[in-house]
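Scroll down for the structure; my scribbles are underneath it.
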Amino acid sequence: MKKRLLFIAISVAVILFCTFLWYINMPENKANRILKSMMQDYEKTVSIFYTGFVDLGEDAITIGGSEYYLIEGEYKTLDDLEELLTKVYTSDTANRILLQSTDGNEPIIIEQEGRLYRKDAYDSGFSFEIPVESAIKMNNDELKIEAVSATNEDFVICIILEKENRQWKIREITERERE
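Residues 811 to 989 in the working numbering are what the sequence shown spells out, letter by letter.
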């Protein structure tokens, strides 16, 4: 009788443990955990590189006919911004975003005399809501996710997460109209 009870208890424990492992490894649950862990840094990148909702100081400078405003806060140099981007995005994506924002005749972000400035330009970026709508495990190092747009519920934000140096990062983020 005791052996039978012990066998049942061990069986129930194994079943519960396997159910727990299955649950936490469901693509949607995994995607939600990953995105939640990076959301604070992701939102910082959106406010700096896209919306311009970062704290802009009073100090303005004019370069090439455009006014740039001092970015106040913890990010003082382009290196600081690059470090923030590489926390959230794969190396290639981080480099692309940084180049798009800092290159050309009238970049959105410049570093002048050891200080960061931002043009008062606006692009909505890709704000999204958690929990995600769906997630598909493409392979052990890639998840394809769909989330509701935080700015327009008629749109879906499509995110591809990729493991880079054992950390999940955003490789691609796009928006499409809801079908």
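Using N, Cα and C, we set each Cβ at its ideal position, and we do this for glycine too. Predicted, not measured: the structure shown is a model, and the values here were computed from it.
Beta strand (DSSP E) segment containing residue i, residue limits
i      : result
ARG986 : 977-987
ILE967 : 965-974
SER944 : 944-949
GLU921 : 919-922
ALA957 : 952-958
TYR992 : The chain is shown only over 811 to 989; residue 992 falls outside these bounds and no answer can be derived.
Delimiting residues of the alpha helix (DSSP H) encompassing residue i
i      : result
TYR852 : 837-856
Nearest to residue i (by Cα), restricted to the options the options
i       : options                           : result
GLU989  : TRP978, ILE970, ARG981 and ASP964 : ASP964
LYS954  : SER821, LEU815, ASN842 and GLU884 : ASN842
ASN1022 : TRP978, ALA960, ASN962 and LEU815 : Given a span of 811 to 989 for the chain in the structure shown, any question on residue 1022 remains unanswerable.
LYS846  : SER821, ARG976 and ILE940         : ILE940
ARG925  : ILE818, LEU888, PHE938 and ASP902 : LEU888
ILE919  : SER876, THR961 and ASP902         : SER876
GLU884  : ILE871, ILE858, ILE907 and GLY874 : ILE858
GLY935  : ILE818, TYR878 and GLU982         : GLU982
ASN962  : ARG976, GLU987 and ILE946         : GLU987
ILE873  : LEU816, ARG976, ALA819 and GLY914 : GLY914
GLU923  : LYS886, ASP902 and THR912         : LYS886
MET848  : LEU894, SER911, ASP902 and VAL958 : LEU894
MET836  : ALA819, LYS947 and ASP890         : LYS947
ILE980  : ARG906, LEU815 and ASP890         : ARG906
ARG976  : THR912, ILE844 and SER821         : ILE844
Test item: CB-CB of residue i and residue j under 8 Å
i      : j      : result
LEU971 : GLU952 : yes
LEU880 : TYR927 : yes
GLU985 : ILE967 : yes
GLU916 : LYS929 : yes
ALA904 : SER937 : no
GLU868 : VAL942 : no
GLU892 : LEU908 : yes
ILE871 : TYR878 : yes
ALA945 : LYS840 : yes
Chain C within 8 Å of residue i, Cβ atoms only
i      : result
LEU845 : The chain labelled as chain C is not found in the depicted structure, where only one protein chain is given.
Would you say the region 886-902 touches the region 852-862, given that touching needs at least three Cβ pairs under 8 Å? yes
Beta strand (DSSP E) runs wholly inside the region 875-913, at least 3 long, in chain order: 876-881
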